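Taking the working numbering, the leading residue of the sequence shown gets 231, the next gets one more, and so forth. Glycine residues also receive a C-beta, built at the ideal position from the N, C-alpha and C atoms. These figures come from a predicted structure and were not determined experimentally. Shown next, in structure tokens, is the structure this report addresses.
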Amino acid sequence: MNSRTLTLALLKPDIVAVHGADCIRRIQDHITASGLAIRHRTSMQWTLQDAETFYIQHKGLFFYDRLCRFMASGPFQAMILHHETDAISQWRSLIGRTQPIHARRAAPASLRALYGITDTRNAFHGSDSPDSVRRESRFFFPDLKL
Numbered sequence: 231m232n233s234r235t236l237t238l239a240l241l242k243p244d245i246v247a248v249h250g251a252d253c254i255r256r257i258q259d260h261i262t263a264s265g266l267a268i269r270h271r272t273s274m275q276w277t278l279q280d281a282e283t284f285y286i287q288h289k290g291l292f293f294y295d296r297l298c299r300f301m302a303s304g305p306f307q308a309m310i311l312h313h314e315t316d317a318i319s320q321w322r323s324l325i326g327r328t329q330p331i332h333a334r335r336a337a338p339a340s341l342r343a344l345y346g347i348t349d350t351r352n353a354f355h356g357s358d359s360p361d362s363v364r365r366e367s368r369f370f371f372p373d374l375k376l
């Protein structure tokens, strides 16, 4: 297994709060239909400090405080996804661009185009590299060896 066959995916609080369990099931079906397998899944709610620790690399940027408050605003889901060749690219392609308005133009069927609201409330997170997958996954699956 190469280092790109696994990735971390987050379904952010807006998906859980606004769309609910039926929508989450549809999204999970969409994930598996795209060729990704859900290997591990957990639901949780962060404190503000948890979010600040996870997003520390963004500290000092204009969106940091808003993003951290949002991620601590309600429950969300974390998943480890697997793909035979490149889970990172497959998941990031499936969710689309970070900004939902751009996702709607570039990839109208992407998950952020369908479910994202704003740049912060964009419904999903996807790790951008194997190093990020390893670092970020520890927050949700500390016993998992990647």
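DSSP places A263 in the helix class (H, G or I) of the three-state scheme.
Secondary structure note for A247: it is in no beta strand (DSSP E), with a DSSP letter that is neither H nor E. Comparing C-alpha distances from H288 to each of P305, T350, T277, P372 shows the shortest one belongs to T350. Where F284 is concerned, there is no enclosing beta strand (DSSP E), although the alpha helix (DSSP H) around it starts and stops at 278-284. Distance between A317 and P360, taken at the CA atoms: about 10 angstroms. Straight across, the Cα-Cα distance linking C298 with I286 is about 10 angstroms. M309 counts as buried, since at least 16 other C-beta atoms from the protein chains shown sit within 10 angstroms of its C-beta. Contact between the segment 328-335 and the segment 267-274 is absent: fewer than three C-beta pairs spanning the two stretches fall below 8 angstroms.
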